[in-house]
Amino acid sequence: MADTDFPGWHGTTIVGVRKGGRVVIAGDGQVSLGDTVIKGTARKVRRISPGGREVIAGFAGSTADAFALLERLETKLEATPGQLQRAAVELAKDWRTDKYLQKLEAMLIVSDGSDLYVITGAGDVLEPEHDIAAIGSGGNYALAAGRALMDSDMDAEAIARRAMDIASDICVYTNGNLTVETLSA
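With the first letter of the sequence shown counted as 1, position 4 gets the number 854 in my numbering; the numbers rise by one all the way through.
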């Protein structure tokens, strides 16, 4: 079977919401191979604490690639304690220029409780314009739902959970088994 015939791993919706002095990152638990659900309880949102400062990160894409990126992010955070933006930019620069890292197929949403960023392999470190970011196969559905809820009385966690619920109703590669992590500014 040629690489182009391989159905590939699909799945994941990750959403990050910043509201009311809190940031929430939520992710589903589904991993699919082609049209088969391989696992429904994967944990794609992690809490890391390099240098004592807690950071939450959610990833979409290849799991092994995402873990490699999380390790690199931890190293960058240890070198620049308390400076998530600088660590994210350094990671994105390495990702874009390092021949090994260029082959990694994953994206990250990261937060230290005040800042919220999307980090991509194209060298992007994006701060969401409307305090909500989403990645993965159901990311656009979660983003649209979350943006619609931002003006409501719901807090960040309720918005993230509802956005994920809506995405899991629409995207076949997303389930309702959530991992939710929260940090305050």
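Where is the CB? At the ideal position from N, CA and C, for every residue including glycine.
Per DSSP, what are the beta-bridge partners of residue i in this structure?
i       : result
Tyr950  : DSSP lists no partner for Tyr950.
Lys889  : Val881
Tyr1023 : Looking at the DSSP assignment, Tyr1023 forms no beta bridge with any residue, so it has no partner.
Tyr967  : Val960
Thr1029 : Gly877
Thr863  : Gly986
Val895  : Gly908
Val975  : Ile969
Arg868  : Val873
Please report the distance separating the alpha-carbon of residue i from that of residue j.
i       : j       : result
Leu999  : Pro978  : 15 Å
Pro857  : Thr886  : Low confidence applies to Pro857: its pLDDT is 46, below 50, so where it sits in the model is not reliable, and the reading given next is rough at best. Pro857 and Thr886: Cα-Cα distance of roughly 10 Å.
Ala907  : Ile898  : 8 Å
Glu924  : Pro900  : 6 Å
Ala994  : Arg1012 : 11 Å
Gly963  : Ala929  : 19 Å
Ala1010 : Gly996  : 7 Å
Gly971  : Ala956  : 7 Å
Ile959  : Asp974  : 12 Å
Tyr950  : Leu927  : 20 Å
Leu919  : Tyr991  : 25 Å
Asp1001 : Phe909  : 26 Å
Ile969  : Ala916  : 11 Å
Asp1015 : Ile888  : 20 Å
Glu921  : Thr1032 : 20 Å
Is the CB of residue i under 9 Å away from at least one CB in chain D?
i      : result
Thr863 : The structure shown contains no chain D, having only a single protein chain.
Assuming residue i contacts residue j under a Cβ cut-off of 8 Å, what Cβ separation, rounded to an integer in Å, is found between them?
i       : j       : result
Tyr1023 : Ser912  : At roughly 14 Å, the Cβ-Cβ gap does not stay under 8 Å, so Tyr1023 and Ser912 are not in contact.
Asn1027 : Gly866  : Contact doesn't hold; Cβ gap of about 18 Å is too wide.
Gly890  : Asn1025 : 6 Å
Arg868  : Ala984  : Not a contact, Cβ separation roughly 13 Å.
Gly840  : Ser1034 : Any answer about residue 840 is impossible in this case: the structure gives the chain only from 851 up to 1035.
According to DSSP, simplified to helix, strand and coil, what is residue i?
i       : result
Lys926  : helix
Thr913  : helix
Phe856  : Model confidence at Phe856 stands at a pLDDT of 41, short of 50, so the residue's coordinates are unreliable; what they give is reported in the following sentence. Coil at Phe856, not helix or strand.
Gly996  : helix
Arg903  : coil
Ser1034 : strand
Met1014 : helix
Glu921  : helix
Glu955  : coil
Gln935  : helix
Please find out if some non-hydrogen atom of the ligand NAP comes closer than 8 Å to the beta-carbon of residue i.
i       : result
Glu1007 : For the ligand NAP, the structure offers nothing, since it holds no ligand at all.
Just to confirm, are residue i and residue j a CB contact at a threshold of 9 Å?
i      : j       : result
Val874 : Val1030 : yes
Leu934 : Asp981  : no
Arg903 : Gly932  : yes
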